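Residue numbers for the sequence shown, in mature numbering (1 follows the signal peptide of the UniProt record, and there is no 0): -16 to -1, 1 to 583.
Using N, Cα and C, we set each Cβ at its ideal position, and we do this for glycine too.
The structure displayed is predicted, hence computed values, not measured ones.
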Amino acid sequence: MVKFASLLLALPAVYAFECRPEGRIVPAPRDLTKSKVFKDALANFTASLDGVFKGKVRVGWETKNVSLSMGLVHTGQDKPTKPLWEYHHLGSANVNGTKHLDRHSQYLVGSVSKVITDAILLRSGVDPDTPVTKYLTKLNASESIIDWNSITLRALGGQLSGIPANYGFSEYHYIKTYFEALGFPHINDTSYPPCGVIGLNTECTADQMLTGMLTAHPQSAPELRPVYSNIAYTFLALALEAATGKNYTVQLQDYLSTPLNMPSTFPSPGDDKLAVIPPVESTWGSPYGINAPGGGLVSTLADLSAFLHAILTRSPHLAEDPTDILAWLQPRTFSGSHSGAVGLPWEIFRPHPSLLFPHYDPVAETGGHTVSIYAKDGAAYGYHARIALLDEYGVGLVLLTAGDQDALGDVYDAALTVLVPALEQAAREQAEQQYTGSFRGVSSEETGGVVVNATTELDGTSLLLTGLWRNGSDIISGYRQLWDVTLSPFLPSMELTDKFRIYPTEMERKKTLGDGREVVEEDWRLWYVLDRESVSELPGKGLSNNDCLTWTLTDWLYYGNEPADRFVFTKDAKTGEVLAFDAPFLRSGAMDKVKVGEC
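Structure, rendered in structure tokens:
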């Protein structure tokens, strides 16, 4: 009892302004093509884009110079390479390149290349926590200011290496006199790096770059904070080459483009006949050499659609174990903003709900919630690209632009603002239809053959367990009494409210019933909603209430080796129809869903 008490005493006061499990509130929407609210949102968004390029909607960029390809990827689309919805526009000022823009047209994707390179790391089987010096031994030099032995492949791929952003590139020799005119001292050309400097020398070889790093200054200590580095991905690719014996082009082909059917994703230059070449200064056709892993890939809407689809569906072609994909999507550090985090190398954006949901009510905590968007941005001269995963909806976005780089941000923001509320409503409408209602059953003879009942509702926040009875006993009322004698003594200032919310855990099992029907059993968990009443007169009263730590209370209450907060929905595997509800700790067995009109 002493150990149990010490653990519970470590639990802080636990209710927050917005406090819920991370991830899906209700299951991701199926069959989006049948959702009226979603189809209407797509139609409105398409009309807005048409309005931009017809001059009816004002924007701050030259529409004649802008070409774009955009797609919405969904787990339920017919083919991985064919988005559920796509939009293309070829700028009227375009002269060179393709004249027929479609999902197979080629763009430079800039730093979207980084997430492709990290996917190669995931697929390669090489231990990401290996120090880079194991493979690039030249970096293991005592004279180096950078602590290379403390930098792992994962740190390189997740912007936590602390190393410089570039080497050679980003210095422009032809503006040397401009620096001097601004008061900078005169320097000789020998002061510049021996390679990669624009207007002075040739691109760097691997050996030149490795040598250059021995005298380079770090941006940060490894793992301290995220610092953006292009060359980190050069070293990652070189390390993988040393580990696998395959150069970057072969790595890309063997680990990604072939298994995922991404034939048009490769290091620049691409095919001019298929290319979207903007009528502005661009780097189309430039060879990026050893810098390709960090920003020099060509790709298409079709290829990136297949890539996002593989992530969303946890495809074995991307990772044999789906857990590896889930781990890949986790944040690794914070970006310095309350709304941002950094992954491998995901740029994770969590905008305030009021920015996405027009009916969000912060007092009632209804009308929307914080959505995590896993994105990767990329830019090259004349190009701007972005991919984004909204995993809780089973949806991804691909946006490729050529021309004015400001176009992407405006279109992307509009897409999120229009589509996310529609995705949320579509998910909630399906949950309302499938998961809410009354359930009734008779427990097994072993437990007395008694009647068990349950009712569920969907409010503005989540699915609620509004009733649970066994042989006439009110189990929800029993929860409150159990709280008082189990957890409450260790959280005396916390009071259990009358809201018993349940959330999907995404733990599923397939099963065949006696009649041959395939079903899926979904685990859901109860989430305690608590209130804290503080009478303290100390400064900061109530501050900790804004720290959502209710997740620490899951799985504490058991009855006969069964967690008393676990519930199971049984669904038809093909249609998604909910057939039954089970509270295993009651030994209830499946409670069949009561159809409307039945007693």
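DSSP places Asn275 within a helical segment (H, G or I) once states are collapsed to three. By the neighbour-count criterion, in which a residue is buried when 16 or more other Cβ atoms sit within 10 angstroms of its Cβ, Glu331 is buried. If you draw a 10 Å sphere on the C-beta of Met491, you find fewer than 16 other C-beta atoms in it, and that means exposed. By the neighbour-count definition (other C-beta atoms within 10 Å, threshold 16), Trp535 is an exposed residue. One thing to note: Val379 has its Cβ no nearer than 8 Å to the Cβ of Leu33. DSSP places Asn437 inside the beta strand (DSSP E), whose first and last residues are Val435 to Leu442. In this structure, the CA atom of Gln314 is about 28 Å from the CA atom of Leu541. Three or more beta-carbon pairs drawn from the region 89 to 99 and the region 362 to 375 are found closer than 8 Å, and the two stretches are therefore classed as touching. Secondary structure at Ile261: coil, using DSSP grouped into helix, strand and coil. Gly183 has its alpha-carbon roughly 5 Å from the corresponding atom of His157. In the structure shown, Met193 falls within a helical segment according to DSSP collapsed to helix, strand and coil. For the pair Phe291 and Leu244, the CB atoms are nearer than the 8 Å cut-off.
Ala190 and Ile274 have their C-alpha atoms roughly 7 Å apart. For Ser477, same chain residues with a beta-carbon under 8 Å away, outside a window of 5 residues either side, are Ala(-4), Arg516, Glu517 and Ser518 in chain order. Phe333 and Gly362 have their alpha carbons spaced roughly 15 Å apart.
Taking 8 Å as the cut-off, the Cβ atoms of Leu194 and Leu296 do not count as close. Less than 8 Å separates the beta-carbon of Leu510 from that of Leu449. Linking Leu285 to Pro263 through their CA atoms gives a straight-line distance of about 21 Å.
In this structure, Ser252 and Pro271 form a Cβ contact; the two beta carbons are roughly 6 Å apart against a cut-off of 8 Å.
In the same chain as Glu127, and ignoring 5 residues on each side of it, the C-beta atoms closer than 7 Å to its own belong to Leu198, in chain order. Look at Trp453 here: in three-state DSSP terms it is strand. In the DSSP assignment, the residues bridged to Asp345 are Thr350. Counting only the Cα atoms, Asp113 lies some 32 Å from Leu383.
Judged by beta-carbon spacing, Ala259 lies within the 8 Å limit of Gln90, meaning their Cβ atoms are closer than that value.
Nearest neighbour of Arg464 by Cα position, chosen from Ser446, Phe474, Glu479 and Arg454, turns out to be Glu479. Residue nearest to Leu74 within the set Ser51, Leu68 and Thr82 is Ser51 (criterion: CA-CA distance). Sixteen is the threshold: when 16 or more other Cβ atoms of the shown chains lie within 10 Å of the Cβ of His293, as they do, the residue is buried. Taking a contact as a CB-CB distance under 8 Å, the pair Val503 and Leu570 does not count as one, their CB atoms being some 20 Å apart. Excluding its 5 nearest sequence neighbours in each direction, Ser145 has C-beta neighbours in its own chain below 7 Å: Ile135, Ala139, Pro206, Ser213 and Ala216, listed in chain order. CA-CA distance, Phe153 to Val181, rounds to 5 Å. Every unbroken stretch of the alpha helix (DSSP H) spanning 4 or more residues and falling wholly within the region 90 to 162 is given here in chain order: 96 to 108 and 137 to 141. Look at the beta carbons and you see the region 76 to 85 not touching the region 100 to 116: under three pairs across the two are nearer than 8 Å. In the structure shown, Pro67 falls within a coil segment according to DSSP collapsed to helix, strand and coil. The C-alpha of Thr350 is placed about 12 Å away from the C-alpha of Ile9. The three-state reading of DSSP puts Glu517 in coil, since its state is none of H, G, I, E or B. Residue state for Thr554 is assigned as strand, using DSSP reduced to three classes.
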